[in-house]
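Student:
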Amino acid sequence: MVYRGRPSKSCRQCRKRDIKCDKKKDGCSQCSRAGLSCPGYHNPKDLIILDESDATIKRVSVNQTIRQSSSPNPLSIRLLPTVMQRAKGLYISQYVGAMPATSIFCFMQIFYPPMIHDIPILETVTRAVFMVNFSLSHGCHAALHHARAMYGSALRMTRKALQIPDEVMLDRTLFSVILMCVFERLASFESDESVVPRSHLSGACELMSLRGTGQFADKYSPTMLLHLTELVVLDCLARGSAIPLQLLSLRRMALDNAVDTSSLKWKFWDIMLRYVQLENSVTSGHRSEEVILRAEQLDLELEELACWLPAFVSRRQSPMPLNMSFAGTDIYPDCKSLTNWNNFRVVRLLLARIVREQGTRLPVSSADHTSLDNMLYESNRKAVDLTSDILYSCSSEVLSSQQPCDLSLNTLLWHLYVAKTQELPLGHLESSLHDQMLRLSTIQAPGQRATVKKILTSSAEDSRNVWRMWLKFGRNEFLI
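Note that the sequence shown ends on residue 480 in the UniProt record's numbering; no numbers are left out.
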């Protein structure tokens, strides 16, 4: 603000023409003679104050820029990325760029960058997921606080959107609710709760039901249904609960509308749905003969489906190494293929355990002992081979090429954990399994150290339901 003194007593026209003003009361005579309208006179009691704030700021900024450009001082902090920009970059590098095209996180590319919208639910929950993942990867509690604040805003927006019929039918609204399920999982890793609330899963199923059969005419809704199936199945396995009837109805609706079910992912999750039903049958005390037959059938289907996975070089099946530097480990095309194979092996390991446990409960006569012994021997042999394959997938080249926040390392530790919980007669491989788990535990994300400790020290009772640990520890999708 600049003080410019008291105003002139002359009228504005005379000052402009640079002539003497006679300052007559009704108007100066100079204006009258020139045929001009006299604008009047300033109040001599007024002060002239000129606001030059913007101009001053601009001049100072220019001077600072000139001084900084010629100075050897470090890079200005204003040019460094913000925490949100770092969180976004980390999330995209982990979940979008490194994931296959069927990943739920790659599916974000349909909606991102977000368009301007009256109720920006998707934008808000996406930023919340960015920040909670950053918090988990770096052990940053401040980022978790900001993530929860944004998540609270997204919840309020969701309640508002659900009151508007047009908003309920939008893909972005459904996808926002699915991402809220992901947020809840990421935000609860270090909590003592074994599983997170399932209200968002129920809400997503309800939203899909409200959208009706017309939604399956495009390619997005079937993809979202697959991802919703994955989230619900893993939640049911962790809880030991049945598949919601609403999800089964949605899948029937998709089939009735000629949705393509030939993909590897659709077939895999169809098997997983039946695996959940099998686990429920075991809990309900169904006949052991029936349970064993169903478990063996599911294992056979998984073995046949695995033929469609990318091929790899198996050192267990080919003892003579092609290259001595890889001796003792398998060779996979990439980390995604390795993860896919191990996901299949984990489910087959759990099916083999069901066969062994149910086999010991069979009331058999002495004449049936031989067939029972053969069945148990075959189940044990298969489980040991699967465990060996998981162990052989941990090559030093794979481990050394990954960063501590890499999700494939996170998932691989869980695979080894499941193999350890089977309590199989592994012989010399048992010490190798323990050593690999210790090695992997040292290169996990800082925000998951407490969970890693639980994995290494868990008792047999705690390890009974490995899917609970997956929901607390598996930051990756159960990729296929």
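C-beta atoms are modelled at their ideal positions from N, C-alpha and C, and glycine is treated no differently.
1) Whether or not the region 248-256 and the region 283-301 are in contact is what I'm after, with contact meaning three or more pairs of Cβ atoms, one per stretch, closer than 8 Å; do they touch?
2) Pull up the distance between the alpha-carbon of residue 362 and that of residue 206, whole angstroms please.
3) Give the DSSP-derived three-state secondary structure of residue 259 in the structure shown.
4) Distance, Cα to Cα, residue 369 vs residue 422?
5) Would you identify the three-state DSSP class for residue 71, choosing helix, strand or coil?
6) With a CB to CB cut of under 8 Å and the five nearest residues on each side skipped, what residues in its chain are close to residue 222?
7) Considering only the beta carbon of each residue, do residue 340 and residue 309 sit closer than 8 Å?
8) Do residue 175 and residue 128 count as a contact pair if the criterion is CB distance below 8 Å?
9) Is the distance from the Cβ of residue 429 to the Cβ of residue 455 below 8 Å?
10) Determine the direct distance from the alpha carbon of residue 359 to that of residue 136, and round the result to whole angstroms.
11) To the nearest angstrom, report how far apart residue 72 and residue 81 are at their CA atoms.
12) Can you tell me which of the three DSSP states residue 292 falls into?
13) Report the residue ranges of all alpha helix (DSSP H) runs contained in full by the region 428-465; include only those spanning at least 4 residues, in chain order.
14) Nearest to residue 349 by alpha carbon, out of 465, 446 and 133?
15) State buried or exposed for residue 85, treating a residue as buried only when at least 16 other CB atoms are found within 10 Å of its CB.
16) How far does the alpha helix (DSSP H) with residue 275 in it extend, from its first residue to its last?
17) Just to confirm before moving on: does the CB-CB distance between residue 233 and residue 346 stay below 8 Å?
18) With a cut-off of 8 Å, does the C-beta of residue 252 fall near any C-beta of chain B?
19) In the DSSP assignment, find the unbroken alpha helix (DSSP H) run with residue 308 in it and report its ends.
20) Quick one: using the 10 Å Cβ neighbour count with 16 as the cut-off for buried, is residue 213 buried or exposed?
21) Please state the DSSP three-state secondary structure of residue 13.
22) Kindly indicate which three-state DSSP category residue 390 falls into: helix, strand or coil?
23) Do residue 276 and residue 335 count as a contact pair if the criterion is CB distance below 8 Å?
24) Can residue 23 and residue 37 be called in contact, C-beta distance under 8 Å?
25) Roughly how many angstroms separate the alpha carbons of residue 123 and residue 166, rounded to a whole number?
26) Would you mind working out which of 313, 352, 379 and 351 sits nearest residue 333, comparing C-alpha positions?
27) Would you mind sorting residue 262 into buried or exposed? The rule is 16 or more other CB atoms within 10 Å of its CB.
28) My output table needs one value for residue 243: the three-state DSSP class, helix, strand or coil.
Tutor: In short:
1) no
2) 42 Å
3) coil
4) 24 Å
5) Model confidence at residue 71 stands at a pLDDT of 47, short of 50, so the residue's coordinates are unreliable; what they give is reported in the following sentence. It is coil, neither helix nor strand.
6) 216, 254, 259 and 260
7) yes
8) no
9) no
10) 42 Å
11) For residue 72, the predicted model reports a pLDDT of 49, less than 50, meaning its position is unreliable and no value from the coordinates is stated.
12) helix
13) 429-441 and 449-457
14) 465
15) exposed
16) 264-284
17) no
18) Absent from the structure is chain B; it holds one protein chain and no more.
19) Careful: residue 308 lies outside any alpha helix (DSSP H) and carries neither H nor E.
20) exposed
21) helix
22) helix
23) no
24) no
25) 18 Å
26) 313
27) exposed
28) coil
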